[in-house]
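S.K.: Mind having a look at this structure? Questions to follow.
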Amino acid sequence: MCATVFELMAVEPIHLEQTFQIRSRPDVLFRLVADPKRRIRWDKNLRLFQYVGEEKLERGARVKLRLITRLGGLVMYARYSQLSAPNRFTLESEKPGGFIARFEQSWIFKPVPGGSEVTSKFTVLPRYKFGRKMIERLVHSLVGETLLGLQRQVDSQMANLMEEMSKEMAEKQKREKRQKKKK
Numbered sequence: 065m066c067a068t069v070f071e072l073m074a075v076e077p078i079h080l081e082q083t084f085q086i087r088s089r090p091d092v093l094f095r096l097v098a099d100p101k102r103r104i105r106w107d108k109n110l111r112l113f114q115y116v117g118e119e120k121l122e123r124g125a126r127v128k129l130r131l132i133t134r135l136g137g138l139v140m141y142a143r144y145s146q147l148s149a150p151n152r153f154t155l156e157s158e159k160p161g162g163f164i165a166r167f168e169q170s171w172i173f174k175p176v177p178g179g180s181e182v183t184s185k186f187t188v189l190p191r192y193k194f195g196r197k198m199i200e201r202l203v204h205s206l207v208g209e210t211l212l213g214l215q216r217q218v219d220s221q222m223a224n225l226m227e228e229m230s231k232e233m234a235e236k237q238k239r240e241k242r243q244k245k246k247k
């Protein structure tokens, strides 16, 4: 049986979820991540992050964001589809760009002894099947750098430790990959 063009173009979404602890209150973290005026100051992946229309953090508020050139320099429009301060928010694409057909980013901030448990969920639907691997690498880089930037904004000592651990993990994965190739 012959597959249709649309079946051949079907692309699996990319889901990335990370949970980590930060020594800061949930309300502080919520404002740092959700408010475009604050986030643009510390998130090095964004060249532009601003409100479109009324500058008020509320459900349905629209924002425009532009990624840095290394991440494709994409310009996208999104809206806050879910907003429950200071515990969670979700940002969904309205007009995605380039190779991205749709994206959704949600953050959950839960108070725990000594700080907050932060869960970052990122879902991206690539527009084309051939661009999925490239977009997946970019999403991993974007999420990792954003989490490290947030950690560095509130607790620089822990951020340095996280960075060292991620470098060690990357080196370990490279060694394992080389050993598999030798076999």
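Numbering (the working numbering), first residue to last: 65 to 247.
Beta carbons: idealized from backbone N, C-alpha and C, even for Gly.
Remember, predicted model here, so these are calculated numbers, not experimental data.
1. Go to residue 158, then tell me how far its beta strand (DSSP E) extends in each direction, as first and last residue.
2. According to DSSP, simplified to helix, strand and coil, what is residue 84?
3. Determine, using beta-carbon pairs with one atom in the region 229 to 245 and one in the region 131 to 143, whether at least three such pairs fall under 8 Å.
4. According to DSSP, is residue 98 part of a helix, a strand, or is it coil?
5. Just to confirm the assignment, what range does the beta strand (DSSP E) spanning residue 211 have?
6. Note down, in chain order, each residue of its chain lying with its Cβ closer than 7 Å to the Cβ of residue 186, except the 5 sequence neighbours on either side.
7. Whether or not the region 157 to 168 and the region 97 to 106 are in contact is what I'm after, with contact meaning three or more pairs of Cβ atoms, one per stretch, closer than 8 Å; do they touch?
8. So, for residue 172: in the same chain, excluding its five sequence neighbours on each side, which residues have a beta-carbon less than 6 Å away from its beta-carbon?
9. Classify residue 104 as helix, strand or coil using the three-state DSSP reduction.
M.R.: Reading off the structure:
1. 152 to 159
2. strand
3. no
4. helix
5. Where residue 211 is concerned, there is no enclosing beta strand (DSSP E), although the alpha helix (DSSP H) it sits in stretches over 196 to 218.
6. 80, 169, 203 and 207
7. no
8. 152 and 183
9. helix
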